[in-house]
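Trainee: One structure is given below, represented as structure tokens, and several questions about it will come after.
Residue numbers (the working numbering), protein chains in the order written: chain A, 1 to 327; chain B, 1001 to 1327.
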């Protein structure tokens, strides 16, 4: 059994908990929190909730620690820190800072003889893998990534910070005509506005100036100004009824040409349709936790990304079983 | 530069030749054939055509030998034989015999200190990888593989063996309703007939009994009897005009559930739309030839499948570049 610890019990921590329960070779030992442990109630029978400080001395009880904090402030500190004590997996997704995060985790993990897997999930993660495979197979081509239809939590939060907004759910939606043009193999050049639209469902405070809120959303730099955005004002009952989930998804498409005259076109597409973003992310992380454990058992150490891990390490099946049944 | 040799110059050998020309870090040294080398004309300037016997003494000129023979009789002999002299890659696709083929190649490659990659292409190959990744991420779920729309060379050949048939092109076509049911996440149980239909374009000899030919096709065991098959009789001009290509493709779909009550459904789909089956297969093989070379440079040896190869080995980019741009 691979003994798992989870640090952080928000949406992602709960997603990992659920994923661990689906893998017969894994056992969730404890959830660690920086809050008071009594205030956290986990859903798996027999699992302890402990303060994060306890991690200082639990190296003999946990094989892989899964870090479920945020990329902005938690993971840059936590992942290197705990990679010096445990095999770790995180879902770090601040793109511009991946090189320095990798370097810090790599150094800590190498010194400790542990494996530290960073940036695990679906993007970065499964989408990254598909960009790599498709680019290696079709060196002359063009990559496209579309997100959605799905809830962007960052964009929803940005709208919630506007005065007069009580709640918001923001959906990112690929433009069907753009998808069609890409799938045709014509390698179109697409602007930000041509690729995605944004749709906001907003609960406003009583008496709030709806026209001002709508205008503030649509003109918000970085988040909305470069997109065609639709704003719907709804009441709390409708929000709860129709927008409680965290669905997401999207696709990575590469189109490229082969042949001595590059006369043949190929389209490679990887797509995800997810009812629950955090549970799917947690499921990807659980598979990479298995890989981290096994690679470390074989004596490997250091920082890893999804690119550095042979696929067989992810599966509970043996090499013989994989060759006989999946190849 | 990675120095490549190709053994066998049929459709696949030509596809590999084209792929090598698209990879700036590879150089095609020679095409090897069991025919008289004078009868073989390759399309890359400066590339020698040599008899296969020359492979006995060219170990210092070739880094990876790509075996482009057939799975029925060529590869079971050739891959172990040449794995004892070179890093090799093949596209062995006789499913039931993969375990014994792997064992033979593994033993030869280990003894010689070389890498032998077997069963490389899109199925087995990229489809296998996607079955593995999706199954590891969603352990509770169901796999579906659809092929087409595309030309099945085995089925086309089977029809050509019928008396009175001059030529045939057979297309395998997924049933749209089956695809839709799978993508809905309802995990349907589908029979062979429910998943694919088959369509044959046949050029008959003058005066042949068309009704007999059609009946022989539709009732042919293993190849057609379990499918709904449509037969069109056409003339040679139409065959040449509309059916000269070798397009193919298909998709691997896994649907699965997550959540403490398995209440959320996810759909993972990987799909290929290929203008040229042999050129795409050759492109996959070229990427894995790079991996074989690099892994061997690092001291690794033995039999490998796509499952055993960390994705980063496939790409011409460095780890730093991959993390900065593709992750």
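The beta-carbon is built from N, C-alpha and C at its ideal position, and this holds for glycine as well. Just so it is clear, the structure is predicted and the values come from calculations on it, not from any experiment.
1) Compute the distance between the beta-carbons of residue 249 of chain A and residue 148 of chain A, then report whether it is under 8 Å.
2) Check residue 188 of chain A in the structure and name its three-state DSSP category.
3) Would you tell me roughly how many angstroms separate the C-alpha atoms of residue 136 of chain A and residue 1315 of chain B, rounded to the nearest one?
4) Classify residue 1257 of chain B: buried if its beta carbon has 16 or more other beta carbons within 10 angstroms, exposed otherwise.
5) If the cut is a Cβ gap below 7 Å, which residues of chain C does residue 75 of chain A touch?
6) For residue 15 of chain A and residue 299 of chain A, which I take to be in contact (beta-carbon distance under 8 Å), what is that distance rounded to the nearest angstrom?
7) Under three-state DSSP, which class holds residue 1023 of chain B?
8) Could you list which residues in chain B have their beta carbon closer than 8 Å to that of residue 102 of chain A, in chain order?
9) Could you check the C-alpha separation between residue 117 of chain A and residue 1138 of chain B for me, to the nearest Å?
10) Using only alpha-carbon positions, find the residue among B:1027, B:1099, B:1151 and B:1285 that is nearest to residue 1068 of chain B.
11) When we look at the beta-carbon of residue 1214 of chain B and count the other beta-carbons within 10 Å, is it buried (16 or more) or exposed?
12) Does DSSP put residue 59 of chain A in a helix, in a strand, or in coil?
13) With a threshold of 8 Å between beta carbons, is residue 1169 of chain B in contact with chain A?
14) Quick check on DSSP: helix, strand or coil for residue 1174 of chain B?
15) Which residue from B:1232, B:1091, B:1082 and B:1277 puts its Cα closest to that of residue 1152 of chain B?
16) What residue from A:264, A:231, A:37 and A:236 has the CA that sits closest to residue 1246 of chain B's CA?
17) Tell me, please, whether the segment 1051-1064 of chain B touches the segment 1026-1035 of chain B by the rule of three or more beta-carbon pairs shorter than 8 Å.
18) Using a C-beta to C-beta distance shorter than 7 Å, which residues of chain B count as neighbours of residue 279 of chain A?
19) Check distances from the C-beta atoms of the segment 1174-1186 of chain B to those of chain A and list, in chain order, the residues that come in under 9 Å.
20) Could you tell me if residue 1260 of chain B is buried or exposed, where buried requires 16 or more neighbouring beta carbons within 10 angstroms of its beta carbon?
21) Does residue 308 of chain A come within less than 8 Å of chain B when only Cβ atoms are used?
22) Within the 8 Å Cβ cut-off, does residue 305 of chain A reach chain B?
23) Would you say residue 226 of chain A reaches chain B, if we count a Cβ-Cβ gap shorter than 8 Å as a contact?
24) Cβ atoms of residue 1006 of chain B and residue 1289 of chain B: under 8 Å apart, would you say?
25) Using the rule of at least 16 other Cβ atoms within 10 Å of the residue's Cβ for burial, across every protein chain shown, is residue 1108 of chain B buried or exposed?
26) Would residue 1026 of chain B count as contacting chain A if we go by Cβ distances under 8 Å?
27) Listing by chain order, which chain B residues have their CB less than 8 Å from the CB of residue 23 of chain A?
28) So, residue 104 of chain A versus residue 84 of chain A, is the Cβ gap smaller than 8 Å?
29) Which residues in the same chain have their Cβ closer than 7 Å to the Cβ of residue 96 of chain A, if we skip the five residues on either side of it in sequence?
30) In whole angstroms, give me the CA-to-CA distance for residue 102 of chain A and residue 133 of chain A.
31) Which chain B residues are close to residue 71 of chain A, counting only those with a beta carbon under 8 Å from its beta carbon?
32) By DSSP's criteria, residue 243 of chain A is part of a beta bridge. Which residues make up the other side?
33) Which chain B residues are close to residue 269 of chain A, counting only those with a beta carbon under 7 Å from its beta carbon?
34) Which stretch, first to last residue, makes up the alpha helix (DSSP H) that contains residue 1283 of chain B?
35) If residue 254 of chain A sits next to residue 143 of chain A, beta carbons under 8 Å apart, how far is it from one beta carbon to the other, in whole angstroms?
36) Residues of chain A with CB closer than 9 Å to the CB of residue 1098 of chain B, please, in chain order.
Mentor: Result, derived from the coordinates:
1) Closer than 8 Å, so yes.
2) Assigned with DSSP and collapsed to three states, residue 188 of chain A falls in coil, not helix or strand.
3) For residue 136 of chain A and residue 1315 of chain B, the distance between alpha carbons rounds to 5 Å.
4) Flag for residue 1257 of chain B reads buried.
5) Chain labels in this structure do not include chain C; the protein chains are A and B.
6) That pair is no contact at about 31 Å.
7) DSSP places residue 1023 of chain B in the coil class of the three-state scheme, outside both helix and strand.
8) Those are 1323, listed as they occur along chain B.
9) Taking the straight line joining both Cα atoms gives about 19 Å.
10) Here the closest residue by C-alpha is B:1285.
11) Counting Cβ neighbours within 10 Å, residue 1214 of chain B comes out buried, since at least 16 surround it.
12) Reduced to three states, the DSSP call for residue 59 of chain A is coil.
13) Not one chain A Cβ lies under 8 Å of residue 1169 of chain B.
14) Residue 1174 of chain B falls in the strand class under three-state DSSP.
15) In terms of CA proximity to residue 1152 of chain B, B:1277 leads the group B:1232, B:1091, B:1082 and B:1277.
16) Selected option, being the one with the closest Cα: A:264.
17) The segment 1051-1064 of chain B makes contact with the segment 1026-1035 of chain B; the number of CB pairs closer than 8 Å reaches 3 or more.
18) Within 7 Å Cβ-Cβ: 1258, 1259 and 1264.
19) Listed in sequence order: 1183 and 1185.
20) Looking at its Cβ environment, which holds fewer than 16 other Cβ atoms inside 10 Å, residue 1260 of chain B is exposed.
21) Yes, residue 308 of chain A lies at the interface with chain B (some Cβ there is under 8 Å from its Cβ).
22) Taking Cβ atoms only, chain B reaches closer than 8 Å to residue 305 of chain A, which makes this a yes.
23) It does not: the Cβ of residue 226 of chain A has no partner Cβ on chain B nearer than 8 Å.
24) Not a contact, by the Cβ cut-off of 8 Å.
25) Result: buried.
26) Chain A contact via Cβ: absent.
27) By Cβ distance, chain B contributes 1139.
28) No, they are not a contact pair.
29) Result list for residue 96 of chain A: empty, nothing under 7 Å.
30) Rounded to whole angstroms, residue 102 of chain A to residue 133 of chain A spans 21 Å at the Cα level.
31) For residue 71 of chain A, there are no neighbours in chain B by C-beta distance under 8 Å, as the nearest C-beta there is about 13 Å away.
32) Residue pairing for residue 243 of chain A: DSSP places it in no beta bridge.
33) Chain B residues near residue 269 of chain A: 1271.
34) Counting along the chain, the alpha helix (DSSP H) containing residue 1283 of chain B begins and ends at 1277-1297.
35) With 8 Å as the limit, residue 254 of chain A and residue 143 of chain A qualify as a contact, their Cβ atoms being about 5 Å apart.
36) Identification of chain A residues near residue 1098 of chain B by a Cβ-Cβ cut-off of 9 Å yields 323, 324 and 327, ordered along the chain.
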